[in-house]
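See below for the structure under consideration.
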Amino acid sequence: MNRRLFIGALGAGSCALGMGRAKPRKPKYVFLMIGDGMGVEQRRIAERYARMSRPTRSGGLLMNQLPVSGLTTTVEVSGKVTDSAAAGTALACGAKTVNGAIGLEPDLKTPLRSVAFAAQDAGMKVGIVSSVPIDHATPAAFYATVPKRSMYYEIDEFLPKSGFDYFAGEPMLGRKKAKENTAPEKLAEAAGYRLVGDRAGFDALKAGDSKILVEHDLGYAIEGKQEISLADYTRKGIELLDGKDGFFMMVEGGKIDWCGHANDLAANIHETLAFDDAVSVALDFCERHADESLLIVTADHETGGLRLQEQSPRLSQVIDAQRHPSGFYVNELTRWKKAGVEPEAASERLKASFGFSDLEADREQRIADA
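Per our numbering, the very first residue in the sequence shown carries number 24; after that it's consecutive.
Dropping the structure here:
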């Protein structure tokens, strides 16, 4: 089989699977899967954890096993540390821009056109999927053009205008600015989109349904309570988009980035594994359509400055001790304080929550002081 095409991001190795027996030809099915904030080290630590603690993942991450890999850059034009708007625009539109800008040249006036619209022009169906709000920077780069990524309502106005066939993510953020009669979901509904907000409605979607907007709070993978997962979104996208003219689907694992910003390693690992579960769904489809599929797994940038120093035999034990994202424990501390829990007891509870034991004296003191 010929292997063709790769795309990647600075600090975030990418892998691609392109299948074809003879001369490479235009693929009928294209998956562009973006782990937001997922650098090389995030993938390495998730693979290490998976091999140590998950019998079903003894082979590591599927995204690390694709046959073609490479690196490229998504830096914003002035060389600053890129954000998801500039990086998402680079991946979606093939052009560098300034931080904060979505789908615009650096002059913040000249619009860029994303690969999703090119696919639509070619007759393919289009799906935009994310584990975070669908009007966040990375998914927005595929259908919107705004000078500031925080212009959520304006981004939401672009969504129905795109005419894309399938959107799925967490609830849109533009509602905070909208008036009742101009709420983002109302704009989508007026444009003919079918709105879905729960598992029952999601399961009821079937092949042939089009112009679908799914908004559902996925939560964090570490808590193990996801009613709908990113893999589910991907699987449903395949069901809805498959047809004679093929499809383009962008799938973003957005909370990898959020956990990186929080320096929350355990939650980051679980989000990376959840993203790899979505890759597994796409890869299974590609293997069943080996002559006409292209799967690209990449990242927009790295978040958190993660560096691995040495192998730890207690890695899985420490990671498994944490059952919630770090923000949960911030709220826990507030509750403990209001309930009159003594600092010493709170310190012990916190250490148990993160699997800390046999800490050096200075680290014990840092926790006690906090």
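Don't be surprised by glycine CBs; every beta carbon is placed ideally from N, CA and C.
query, result
"Euclidean distance between Cα positions of L264 and Y72", "34 Å"
"Extent of the continuous beta strand (DSSP E) run through S92", "V91 to G93"
"Own chain, CB closer than 7 Å to V104, minus 5 neighbours either side, in chain order", "none"
"Cα-Cα separation between S376 and T295, rounded to whole angstroms", "21 Å"
"Collapsed DSSP secondary structure at L417 in the structure displayed", "Outside the modelled stretch of the chain, which goes from 24 to 393, sits residue 417, for which no answer is possible."
"Any 3 or more C-beta pairs closer than 8 Å across the region 327-347 and the region 305-316", "no"
"Environment of S380 [buried if 16+ CB atoms lie within 10 Å]", "exposed"
"Neighbourhood of E246 by C-beta distance below 7 Å, restricted to the same chain and skipping five residues each side", "R346 and H347"
"Pair within 8 Å by beta-carbon distance, F190 and I235", "yes"
"Proximity to G231 [Cα-Cα], best of S185, K148 and G378", "K148"
"R66 versus A369, V169, R330 and R386, residue with shortest Cα-Cα distance", "R330"
"Rounded C-alpha distance that separates K49 from L135", "23 Å"
"V341: first and last residue of the uninterrupted alpha helix (DSSP H) it sits in", "L338 to A344"
"Sequence-distant residues of the same chain with beta carbon closer than 8 Å to E177, five excluded per side", "A167, V169 and G197"
"Sheet register partners of R217 (DSSP bridge)", "I235"
"Distance between T133 and K248 (C-alpha atoms, nearest Å)", "43 Å"
"A322 - containing beta strand (DSSP E), residue span", "S316 to A322"
"Status (buried if at least 16 other CB within 10 Å, exposed otherwise) for Q388", "exposed"
"DSSP-derived helix/strand/coil call for P134", "strand"
"Run of the beta strand (DSSP E) containing I151, from where it starts to where it stops", "K148 to P156"
"Spatially closest choice to D188 from G62, D179, G93 and G215, by CA coordinates", "G215"
"Inter-residue Cα distance where the pair is R217 and E193", "16 Å"
"Inter-stretch contact (C-beta, 8 Å, three-pair minimum) for the region 93-113 and the region 237-246", "no"
"Terminal residues of the beta strand (DSSP E) in which F181 lies", "That residue, F181, is in no beta strand (DSSP E); its alpha helix (DSSP H) goes Y175 to S185."
"Burial state of H284, where buried means 16 or more other Cβ atoms lie within 10 Å", "exposed"
"Own chain partners of V138 with C-beta closer than 8 Å, once the 5 adjacent residues on each side are dropped", "L55, A115, C116, G117, F165 and F271"
"Nearest-angstrom Cβ-Cβ length linking I68 and T321, presumed shorter than 8 Å", "Actually they do not touch by this definition, with Cβ atoms about 18 Å apart."
"Residues near R172 in its chain [Cβ-Cβ closer than 6 Å; skip 5 each side]", "A108, G123, I125 and A160"
"G31 versus V100: straight-line alpha-carbon distance, rounded", "Residue placement at G31 is poorly supported in this model, since its pLDDT is 33, which falls under 50; the coordinates still yield a value, given next. G31 and V100: Cα-Cα distance of roughly 17 Å."
"Cα-Cα separation between L182 and D59, rounded to whole angstroms", "20 Å"
"K259 vs F225 beta-carbon contact at 8 Å", "yes"
"Local Cβ density within 10 Å of G363, reported as buried at 16 or more and exposed below that", "exposed"
"Cross-strand partners of F271 (DSSP beta bridge)", "V53 and V149"
"Residue range of the beta strand (DSSP E) that includes E333", "Note, E333: premise wrong, no beta strand (DSSP E); not H, not E."
"Three-state secondary structure (DSSP) of L114", "helix"
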